[in-house]
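Presented below is the structure to which this report refers.
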Amino acid sequence: MLYVKIYSSLSRVLGYAILSMSGLLYIRNIVYESGSKVTSMALTATATIAALSALCFSFVHCINDEDDKKNTIYAGEKFLHSTLLIIQTLFLKYALDQALAFESVKTIVWLKITIQIVASILLTGIGGFAVTMAAHGFNSLNKTLWIHYEKNAEQNLSKKKNTP
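All you need for my numbering is the position in the sequence shown, starting with 1, plus 463.
Okay, here's the thing in structure tokens:
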């Protein structure tokens with residue numbers, strides 16, 4: 464059963480790291496790239512994370528253990544919260560692009576710089592919260608599923624040993 468524990472640990476650590484790195488790249492792109500360049504990536508992330516949230520909320524009715532239900536609901540809530548935060552970054556990025564398109568903003572340098580700085584800080588903060596929420600949801604769900612997998616693997620192994 465050692466291999467199951469190794470797979471479980473690798474899945475949790477690598478999955479969390481990959482999700483975090485992807486999130487940081489999203490934040491970097493949404494701050495520095497135009498809205499049209501990041502929209503497809505953001506919508507893909509939104510759809511994927513929203514689907515994970517829906518799966519968690521749908522799956523919770525099939526679970527008997529109360530702690531597992533709580534962990535699955537927690538994961539679903541975190542995924543849903545992350546989705547809402549990503550949508551907020553999209554709206555903010557759109558508002559920033561539109562504000563910078565105004566002729567008065569283009570000609571008043573201090574106003575343009577101020578808008579860019581404030582929007583960048585907000586995009587970084589909101590995007591960071593989105594990544595954090597998705598990572599917490601992922602960690603909770605992945606941990607719960609691996610615990611079940613380990614229990615099932617142990618039960619199957621003990622059945623095979625007891626079978627003549």
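Where a beta carbon is used, it is the ideal one built from N, C-alpha and C, also for glycine.
- Straight-line spacing of the CA atoms in T607 and S621 works out to 21 Å.
- Taking the C-beta atoms as reference points, S483 is found no nearer than 8 Å to A593.
- As summarised for the stretch 549-586, there are no continuous beta strand (DSSP E) elements at least 3 residues long confined to that stretch.
- S603 is a Cβ neighbour of K541, given a cutoff of 8 Å.
- With a cut-off of 8 Å on Cβ pairs, the stretch 498-507 is in contact with the stretch 550-559, counting three or more such pairs.
- Annotation for C525: no alpha helix (DSSP H) segment contains it, and DSSP assigns it neither H nor E.
- Selection L547, V523, D530 evaluated against M596 yields L547 as nearest (Cα-Cα).
- In its chain, beyond the 5 residues on either side, C519, G600, S603, L604 have a beta carbon closer than 6 Å to the beta carbon of A538.
- For a cut-off of 8 Å, the C-beta gap from A562 to I578 is around 6 Å, short enough to register as a contact.
- By the criterion of a C-beta distance shorter than 7 Å, T509 is surrounded in its chain by T546, I549, I550, once the five residues flanking it on both sides are discounted.
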